[in-house]
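Structure record follows, encoded as structure tokens.
There are 2 protein chains.
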Amino acid sequence: MQKIVILGSTGSIGKNALNIVRCFPDQFQVVGLAAQSNYALLERQVKAFRPSVASLADKSAAAILAKRLQGTGTEVLGGPEGVIETASLPAADRVISAIVGSAGLLPTLAAIYANKTVALANKETIVMAGELVMREAKSRNVAVLPVDSEHSALFQLLENRKSHEIKRVILTASGGPLLRLSEQKKKTISQKEALAHPTWKMGPKISIDSATLMNKGFEMIEARWFFDLPESQIDVVIHPQSIVHSFVEFVDRSLIAQMGFPDMRIPIAYAMFHPHRESLPFKLPDLTAFPSLTFEPPKPKSFPLLTIAREALQTGGTMPAVLNRANESAVAAFLEKRIGFLDIHKIIRKVLDAYSPSPINTVDDVLLADRWAGLKTERCIQTVSRK
Amino acid sequence: MQKIVILGSTGSIGKNALNIVRCFPDQFQVVGLAAQSNYALLERQVKAFRPSVASLADKSAAAILAKRLQGTGTEVLGGPEGVIETASLPAADRVISAIVGSAGLLPTLAAIYANKTVALANKETIVMAGELVMREAKSRNVAVLPVDSEHSALFQLLENRKSHEIKRVILTASGGPLLRLSEQKKKTISQKEALAHPTWKMGPKISIDSATLMNKGFEMIEARWFFDLPESQIDVVIHPQSIVHSFVEFVDRSLIAQMGFPDMRIPIAYAMFHPHRESLPFKLPDLTAFPSLTFEPPKPKSFPLLTIAREALQTGGTMPAVLNRANESAVAAFLEKRIGFLDIHKIIRKVLDAYSPSPINTVDDVLLADRWAGLKTERCIQTVSRK
Chain X
30 MQKIVILGST GSIGKNALNI VRCFPDQFQV VGLAAQSNYA LLERQVKAFR PSVASLADKS
90 AAAILAKRLQ GTGTEVLGGP EGVIETASLP AADRVISAIV GSAGLLPTLA AIYANKTVAL
150 ANKETIVMAG ELVMREAKSR NVAVLPVDSE HSALFQLLEN RKSHEIKRVI LTASGGPLLR
210 LSEQKKKTIS QKEALAHPTW KMGPKISIDS ATLMNKGFEM IEARWFFDLP ESQIDVVIHP
270 QSIVHSFVEF VDRSLIAQMG FPDMRIPIAY AMFHPHRESL PFKLPDLTAF PSLTFEPPKP
330 KSFPLLTIAR EALQTGGTMP AVLNRANESA VAAFLEKRIG FLDIHKIIRK VLDAYSPSPI
390 NTVDDVLLAD RWAGLKTERC IQTVSRK
Chain E
30 MQKIVILGST GSIGKNALNI VRCFPDQFQV VGLAAQSNYA LLERQVKAFR PSVASLADKS
90 AAAILAKRLQ GTGTEVLGGP EGVIETASLP AADRVISAIV GSAGLLPTLA AIYANKTVAL
150 ANKETIVMAG ELVMREAKSR NVAVLPVDSE HSALFQLLEN RKSHEIKRVI LTASGGPLLR
210 LSEQKKKTIS QKEALAHPTW KMGPKISIDS ATLMNKGFEM IEARWFFDLP ESQIDVVIHP
270 QSIVHSFVEF VDRSLIAQMG FPDMRIPIAY AMFHPHRESL PFKLPDLTAF PSLTFEPPKP
330 KSFPLLTIAR EALQTGGTMP AVLNRANESA VAAFLEKRIG FLDIHKIIRK VLDAYSPSPI
390 NTVDDVLLAD RWAGLKTERC IQTVSRK
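So the sequence lines, in the order shown, correspond to chains X and E. At the far end of the first sequence sits residue 416, using our numbering, and the numbering has no gaps. At the far end of the second sequence sits residue 416, using our numbering, and the numbering has no gaps.
Here it is, written out as structure tokens:
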């Protein structure tokens, strides 16, 4: 029986993780749940899974939840510090870190410091502070398991492989809903059109990141730290069908790939059960139902954020943290209709050009860069949206 | 420096293996070469690679070769026993077994008995006597490494995997040149049309086996023994582009695949260098040049030999050896224009129906079955061709 905490239990990954718990009641016990502010759903989850602790980062939402859960035996914590406490619950063996955005960083680090196995879906943690996170995990012999499909694919492919025999890893990108759109049309694209991801059903922020390929840029940075690979060994290929989740190419040019219909439950379950695999009770079509699979190189002109992400990875230090925050703020501004789609990458470029990166010694270096980038990006957004 | 023997050095696999030796002169020394009867090419190979022994199964060809190689320091052996002696040369570390057809069985067994690592391209050896060959190899702790692309793929994918986590392996089949042809048209297909394999350049016998999918039937039998998998865990999918060389499906429905442009040099090199991988100096296109990849289930009506092969595998014992010989004789008769294309599977079915299989205790059980099947098939061929 594994005792688990789910951070971000009301989000897409969190709900899927709870579905897996539901399928394997003998193998998992939920001891903690945390979310941002969705007290109504968290209440239902608490009543179904009876964790000892539930927390909401939003303090007023937490107060409502506390009232509703009176007498249930579940302790309710509020505020970011409550989420951090949930991440480091002494009873937990494994923490599923699935908070969206940079709010996931401190709880994830807390789980590592508390020696929990971490199933990490919060990519911002690795993008902002991959170097630090993996250093801390390594020194504690804590496993950090990727949850998103591409890194789960690479993790499955690279296990027990000799690193000197790896030529490169190749992340697949669907190309998003705007793959075949002209730059002219992208200028006036609506929020709804940019959110219409062709193959994966995901939250709004990551859907926009897929349309800009920023998501793939982040995944290059993640691959750097998850697999300790130099930037030069990390490539991206456009694969609109999202069936191949990533490739590994060996020095002899042999390629191996991990594949399957796009279904997040599989990589989530993999990270929950690792180092075992369980037979999953989900109905999935056979591979003979795959669509025709195609692969093409990404055009740098269509996806400037992919180039920007590679540059930030090359620069290193606190630069990826600035990239992450600039993107998070710019995407939010786009979703709030304050800026246009093509403003996203222009604003990010402006923020990065204005920044002088420093090495990451402690998490404060990351948080400082994050804060600087938040302020700077907001100023850039205001300049653009005032036009 | 690895000392190698190549059995079947004048064939397609043998020539490619010598090309790899040519690329890595510091890593391989050829100590023995063997072929069927092509003394002219073997003479050139001997002069280029200077092995201590060269042999030809055809005695009169060996006599010519011996004359031509007088004074070169290379000893020439003739007859099947000469080939067997070459396979067990004391100086050799690794034997590449690439003789076509059932003639490969005894030399391969000789190499195993002499404790050589065997890179096995001769599929008839495993089809006829896989149970025996792998038993003998295991008891001597001798590695038998697959050379053909599908099993090399599975070998690469299955290394270090837990067998209870494997749901099934899926061999890919191009479907051959007759994939879209009606049964009516197959009746009168010419030798040339049946030989026109769409993706792999191979010898005539294996090209016909690809057109009938007998080759894939054999590969199911090989997978049974190479990877110690039950028949129920071995499937076949039609993949006309031959880019995915095989799949492994895990119990959690995660699929992994080995891929690449069809180029036999890669699996040959893999089996020659194993357990290492070497950076190969061959120019190969990037994966973005892959054609669209498609997968479909094989239609049993179009490929009766696939069903027959599965039945032979289920029956076990000496039945696969009979299948192998019946096919070898029937394909030869087709290539000699004695029978039509659709007679191949009808004759094989007749031969198998007439046979009572027995367990394999020694190689003699296999050879007896082989001999019986040869005679029986010839009688069936005569009946058909007299019509």
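Ideal placement from N, C-alpha and C gives every residue a C-beta, glycine not left out. Only a predicted model underlies this, so the values are computations on that prediction, with no experimental measurement involved.
query: State the Cα-Cα distance for the pair E:His193 and E:Met301, rounded to the nearest angstrom.; result: 29 Å
query: How would you label E:Pro388, buried or exposed, when you count the other beta carbons within 10 angstroms and need 16 or more for buried?; result: exposed
query: Can you tell me whether X:Met293 is buried or exposed? The criterion is at least 16 other CB atoms within 10 Å of its CB, across all chains shown.; result: buried
query: Would the region 304 to 323 of chain X count as touching the region 274 to 286 of chain E if we require 3 or more Cβ pairs under 8 Å?; result: yes
query: Closer than 9 Å between beta carbons: that is the criterion. Which residues of the region 311 to 323 of chain E meet it against chain X?; result: Phe311, Leu313, Asp315, Leu316, Thr317, Ala318, Phe319, Pro320, Ser321, Leu322 and Thr323
query: So with CB distances below 7 Å, who are the chain E contacts of X:Arg306?; result: Glu194, Phe279, Val280 and Asp281
query: Do X:Gln270 and X:Leu207 count as a contact pair if the criterion is CB distance below 8 Å?; result: no
query: For a cutoff of 8 Å on Cβ pairs, would you count E:Ala46 as touching chain X?; result: no
query: Below 8 Å on C-beta distance, what does X:Val266 contact in chain E?; result: Leu316 and Thr317
query: Check each candidate in E:Asn48, E:Ala132 and E:Cys52 and name the one with the smallest Cα separation from E:Ala63.; result: E:Ala132
query: Find the nearest neighbour of X:Thr101 within the set X:Phe78, X:Gly107, X:Leu118 and X:Ser117, judged by alpha-carbon distance.; result: X:Phe78
query: Kindly identify the DSSP beta-bridge partner or partners of X:Ala63.; result: X:Leu36 and X:Ser84
query: Given a threshold of 16 other Cβ atoms within 10 Å of its Cβ, counted over all protein chains shown, does X:Thr347 qualify as buried or as exposed?; result: buried
query: Measuring alpha carbon to alpha carbon, tell me which of X:Met163, X:Ala182 and X:Gly369 ends up nearest X:Lys214.; result: X:Gly369
query: Does the CB of X:Glu222 have a neighbour CB from chain E at under 8 Å?; result: no
query: Output, in chain order, the set of chain E residues within a Cβ distance shorter than 7 Å of X:Gly289.; result: Arg282, Ser283 and Leu284
query: Consider the Cβ of E:Asn189: report whether some Cβ of chain X lies at a distance smaller than 8 Å.; result: yes
query: With 8 Å as the threshold, decide whether the Cβ of E:Pro326 is near any Cβ in chain X.; result: yes
query: Taking E:Asn353 as the reference, which of E:Val105, E:Ala166, E:Trp401 and E:Arg367 has the closest Cα?; result: E:Trp401
query: Classify E:Asp19 as buried or exposed, calling it buried when 16 or more other Cβ atoms lie within 10 Å of its own Cβ.; result: Since the first residue shown for chain E is 30 and the last is 416, residue 19 of chain E is missing from the structure and cannot be characterised.
query: With a threshold of 8 Å, are at least 3 pairs of Cβ atoms found where one atom belongs to the region 69 to 76 of chain X and the other to the region 150 to 161 of chain X?; result: no
query: Measuring CB to CB, does E:Val351 end up less than 8 Å from E:Leu258?; result: no
query: Here's the rule: buried if 16 or more other CB atoms are within 10 angstroms of the residue's CB, otherwise exposed. What is X:Ser219?; result: exposed
query: Please state whether DSSP places E:Glu307 in a helix, a strand or coil.; result: coil
query: Chain X partners of E:Leu208, CB-CB under 7 Å?; result: Result: empty, since nearest Cβ-Cβ is about 15 Å, beyond 7 Å.
query: Give me the Cα-Cα distance between X:Arg378 and E:Phe324, rounded to the nearest whole angstrom.; result: 42 Å
query: If you follow the alpha helix (DSSP H) that X:Phe276 is in, where does it begin and where does it stop?; result: Element bounds for X:Phe276: not the alpha helix (DSSP H) but the beta strand (DSSP E), Val273 to Phe279.
query: If you measure beta-carbon to beta-carbon, which residues of the region 378 to 410 of chain E are closer than 8 Å to chain X?; result: none
query: Does the beta carbon of X:Phe53 come closer than 8 Å to any beta carbon on chain E?; result: no
query: Judging by CA-CA distance, which residue of X:Phe53, X:Gly232 and X:Leu200 is the nearest neighbour of X:Gln262?; result: X:Leu200
query: Going along chain X, which residues have a C-beta under 9 Å from E:Phe276?; result: Met288 and Leu316
query: Decide if X:Lys405 is buried, meaning its Cβ has at least 16 other Cβ atoms within 10 Å, or exposed.; result: buried
query: Taking beta-carbon pairs under 8 Å, can you tell me which members of the region 233 to 259 of chain E lie near chain X?; result: none
query: Using a Cβ-Cβ cut-off of 8 Å (strictly less than) and excluding sequence neighbours within five positions of X:Val392, which residues of its own chain qualify?; result: Leu134, Leu135, Leu138, Ala158 and Leu161
query: Give a yes or no on whether 8 Å exceeds the smallest Cβ distance from X:Tyr299 to chain E.; result: yes
query: Just checking: is the beta-carbon of E:Leu174 within a distance shorter than 8 Å of some beta-carbon in chain X?; result: no
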